[in-house]
Every structure is written in C-alpha cells, then in structure tokens.
Amino acid sequence: MTAARILIAGGGFSGTAVAIELARMSSVPLEITVVEPREMPGGGVAYSTAEPSHRINVSADRMQLSGDEPGAFDRWYRQQPESVLDPAAHCADGSVYPQRGQFGRYLAQQFAAASRFPQVKLQHRRARALSWEGQQLLLSDGDVLRGDVLVLAISHPPPSLPALLQPFSGHPALIANPWQPGVLDTLDPQARVGIIGTGLSMADVVAALERRQHRGPLLAFSRRGQRSRANLSGEWPAWTLAPCPAARARAWLRHTRAEIARAAAQGIPWQRVLDAVRAQGQQIWQALPLAEQQRFARHLRSWWDVHRYRVAPQVASAIAHRLAQGTLQVLAARMTDITSCGDQLALTLRLRSGAVQTQLLDHMVVTSGPAHDTLLTREPLLSSLAQQGLIQGDALGFGIAVDAQSRALNHQGQASGHLLVAGPAARGRFGELMGLPQVADHAAAVARQILHTLNAAYDGRCRR
Ligand SMILES: Cc1cc2nc3c(=O)[nH]c(=O)nc-3n(C[C@H](O)[C@H](O)[C@H](O)COP(=O)(O)OP(=O)(O)OC[C@H]3O[C@@H](n4cnc5c(N)ncnc54)[C@H](O)[C@@H]3O)c2cc1C
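This is the structure in structure tokens:
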C-alpha cells in the first residue's frame, strides 16, 4: 500500500498536534510533512517565546495533547532541570506555571517521539508554504511538495497597526510587534511606555518589563479598559451549570451572572462557573443562530475574553505590584491623535469620562493581540487559496469557514476532504477553540477525519 502524503502548513501547537495524533492513530502508511519556518515544531506564536516572564496561563496539569495521560506535561516538566532552576514557576498550592517555551520544548520532544512509529514518515520542513495548486505546495525555498491532503494550521497573525499609527510604522518609538524576540531589551529602565491593549499581550509586556527592572511609567489603554483576570489558585470543586432557558447571547449573559451568584452563595468562586461555561462552550456556540453569534462578538466578547483567558499568578502579581506602585495606569480610552516629537511620540487620549489628555512617550507598544480578521488577506498561502476560491473567511471574521468535520468550505460553500483547518482559525464554526484543551481535542478530531477520508478512498479503490 503506498503511503498517503499529508502536508501540514504551520507547525505551531495545532499543526504539530495533528501530526502527532496522526502518527499515533494511523494503521496505514503515511508520509507527514509539517511545513514550519521556525526552528522547532510545536512552539508557534504562543510557545516559542524565550522570554522567561511569559508563562502558561493555566497550571501545567491542564496542558497536554489529546491522547496524553492527564498531567503528562506537568510530570514531564517536574523532571526537567528547568523546574528546579525556575522556583518562581511553583505556587504555594503545589501547582506549577512553567515558562511558555517549556511547553514548546515538550511538544518538540513529543513530535520527535512520534516519528518512531513504524508506519509513518514524519518530518519537519523548515520553510514557509506559499501556495497550493493542483495538489502541489510551493515552499519559500523554491521546493514543491505533492500532497493528498493539506491541513491549514495557521492561527495568529501579528497585531495590526491602528490607523492613527500607520504613518509612524518606521518611528523609533513604535514597537509594532511585541512578540519579536528582544524588542523590549533596549528600553531604558525609566522609559515612559504607552501600551495599546489591556488583555493578555499587555500582561506579557508588563511582566517582561518588570523582569527587566523597568521602573518608568506605563500607560495601558483600550476602549473598555478591561484587564485579564487572575487565575485561581488552590483546589475548588467543579461547578455544575444549570440549563440556560434560551439560545440567545443575552440569555446566556443573565444566566451566567445568576449562576455566579448561586456559586458565590456556596462559597465557590466565579472562575469555576466560567470554567463550566467554557467546558460546554462549543455546544453553546453551535446552538446560537448566526445573528446571536454576531451579537456576542460585538457586545460580549471582550468581557468573555478577560474572564475566560486569565493570567498566571506570577504575571498577575507583577501587574498588581505595578498598579500598587502607581507605575501602571490602565485606562478606558480611545486614541484620538498621535504626533512625532523627535524620537518620542505624543499620544492624545479621550477617556470614557470625556476628558482629553496628552502624554509624551518614549515608546508605544501595540498589544492589541493577533489581528485574526486579517488572516486571509495578510498571510500569502491563505490569501492565494482565497483568491482561487478554495477557502473563504467565516461570517464573523474569526478565521476560515469550515464544516462540522473541519473541512474548508470553498466559495460555493462546498467542503473538500483534501483541505482541512486545524486550530483557532476554525473557531467561527466551533466557538470555544483557543485554549489548549479544546485546540488539542480539535487536532485529534482533524487527524481522525483525515484517516476517515483516506480509509474511505482506499475502500472505494478496493471495491472497484
Ligand atoms: C501569545 C499567546 C499565548 C497563549 N498562551 C496560552 C496558554 O498559556 N494556555 C492556553 O491554554 N492557551 C494559550 N494560548 C492559546 C493557544 O494555545 C493557541 O491558540 C494555540 O497555540 C494555537 O496554535 P496554532 O498552532 O493554531 O497557531 P500559531 O501559534 O499561530 O502557529 C502557526 C504556525 O504557523 C507558522 N506559519 C505561518 N504561516 C505559515 C506558512 N505560510 N507556512 C508555514 N508555516 C506558517 C507560524 O510560524 C506558526 O508557528 C495562547 C495564545 C497566544 C497567541
């Protein structure tokens, strides 16, 4: 039997997890190639960072591949020398929040281990995929790979530059992509820094500056000025969610608030209620009509995000420290003007209260998070697929439209078994598909779908 060729564009967590799950599950010969420009498969945007203050935002015992024994990463990490070298990773309650790069290392090791399965040939090709035409994937090094199936596993484009900042893209004060290694290294410890965005990426930047002994004033702002909440520590019972009376965004908001009050009366923190909502997130999302999903995206998403995507206790305490010191201000405000003053930028903000303030800044960091709405226009492979009509964006601007089997929908809305989407880019369809547990399960589902398609094609050939 000739080996089917599976190509995976993107070797962050999603692409690497699909490859590992395929290798673990397949009983037929497969040639799996993960095309990923980074040095190691597994890290992607989230887990390839070498910044020590970037930590996973849930404890290690909740981070693993779908097929792993529960706690696999936690056990692995505790056996590494880094676990001893990084005492700050360990919390008083016994939980551990390693640096994110450690999870990337764990995945790279799992990838290497998966290549030992005899029926698969698993390789990482260090290149960027540029286009896919007639079952051929053109790579940035000029090579062309033939594939039977292509998996798109590209989730997080860099942040977009807000329109007002676009004329300043080359300005020395502007840090447009805080994920670039070393971009914060040269900041003066007294520098006045403006931060656009108040979510997880802002938390990363504040923690990274704190580690560099930065003491200057930090001004973070966003429309609503909402900060990601801290994660829980300690053991708390799980919460069982009562059924919600209606499949509407507003009904879910009221219901969740009522459940939080009911939990509080029993001494159970709100985080446990949110965890229960999240665990049912995909069913809840898929039961909402499109208009209700759009309502959620418009009015509730930023609230959901700051409660759902929480920060590690170490990062929460770095932020609390700066707030208590008065060297971090978090404002609900809109940027109304920006001008260059030599190497500095003058930023004018209109606050929620209507007041207007102007500040001179040594640096402006854009932490508005991945610009998911630009995925199909800024990423060359995806824009070429969209131009050919082979994929289309989802109705919410979250990523790529797929069917219930994660097969990409073409411009006519037809699904192809040869083109699948793995990871958060498919979340317009599935809803809650960003945190590790859901992304890991999704990768396993994509792997099963590929094997199902290959087996069906093989059976069809045998019958003929
Ligand atoms: C900064 C950050 C921190 C996070 N921290 C946590 C956490 O602590 N806990 C948690 O549960 N979840 C966390 N998440 C969420 C979650 O784990 C991610 O959503 C998940 O890692 C998604 O990975 P991915 O592989 O789908 O996408 P990506 O990370 O975007 O990986 C895509 C990969 O594709 C590559 N690529 C791009 N274009 C091409 C191309 N044309 N050809 C080939 N390769 C290409 C990129 O180099 C990249 O490595 C975090 C997310 C982010 C962004």
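Mind the numbering: the sequence shown is residues 0 to 463 in numbering that gives the first Met the number 0, read in order. Just so you know, even glycine gets a beta-carbon here, dropped at the ideal spot from N, CA and C.
Chain-order list of residues whose beta-carbon lies under 7 Å from that of residue i (same chain, five-residue window excluded)
i	result
Gln279	Leu240
Ser58	Ser94, Val95 and Tyr96
Leu384	Trp131 and Ile390
Gly146	Arg4, Ile5, Leu6, Gln134 and Leu136
Val438	Phe12, Ser13, Gly422, Pro423 and Leu432
Gly189	Looking at the sequence provided, one finds Gln at residue 189 rather than Gly. Within the same chain, Gln189 has close Cβ partners Arg214 and Gly215.
Arg307	Leu273 and Arg277
Thr373	Pro156 and Ser159
Ala466	The chain is shown only over 0 to 463; residue 466 falls outside these bounds and no answer can be derived.
Phe397	His371, Arg426 and Gly427
Nonlocal neighbours in the same chain, by C-beta distance under 8 Å from residue i, ignoring five residues either side
i	result
Pro244	Ala250 and His254
Ala262	Trp238, Pro268, Trp269, Arg271 and Val272
Gln293	Ala394 and Leu395
Leu138	Val34, Arg124, Ala126, Arg127, Ala128, Leu129 and Leu144
Asp402	Leu408, Ala414 and Arg428
Pro312	Cys90, Tyr96, Ala229, Asn230 and Ser232
Leu450	Leu21, Met24, Ser25 and Val27
Thr326	Arg214, Gly215, Pro216 and Leu217
Trp235	Ile267, Pro268, Gln270 and Arg271
Arg321	Val205, Glu209, Leu217 and Leu327
Asp187	Gly215 and Asp361
Gly368	Pro158, Gly196, Gly198, Leu199 and Ser200
Coarse secondary structure for residue i, derived from DSSP in three states
i	result
Val272	helix
Ser139	coil
Leu389	coil
Phe116	coil
Met24	helix
Leu348	strand
Ala250	helix
Ser221	strand
Leu84	helix
Ile174	strand
Ala262	helix
Gln411	coil
His441	helix
Ile449	helix
Glu209	helix
His89	strand
Thr373	helix
Arg502	Residue 502 falls outside the range modelled here, since the chain spans only 0 to 463, and no answer is possible.
Gln404	coil
Gly198	coil
Gln358	strand
Ser367	coil
Leu395	coil
Thr1	coil
Arg474	Here the chain comprises residues numbered 0 to 463, so residue 474 is not present and cannot be evaluated.
Arg77	helix
Gln134	coil
Gly103	helix
Val17	helix
Val44	helix
Thr239	coil
Thr185	coil
Arg145	strand
Same chain, Cβ closer than 6 Å to residue i, five either side skipped, listed in chain order
i	result
Ala315	Ala229
Leu287	Ala246
Ala264	none
Leu346	Gly193, Ile337, Gln358 and Leu360
Ser221	Gly196 and Thr197
Asp440	Ser65
Met39	Ala107
Ser52	Ala206, Ala207 and Arg210
(message) Using 8 Å as the cut-off, can you tell me whether the segment 96-107 makes contact with the segment 27-47, which would need three or more C-beta pairs spanning the two stretches below that distance?
(response) yes
(request) Return the chain-ordered ranges of every beta strand (DSSP E) run that is complete within the segment 272-340 and spans a minimum of 3 residues. (result) 327-340
(message) Between the segment 69-83 and the segment 195-208, can you find at least three pairs of beta-carbon atoms closer than 8 Å?
(response) no
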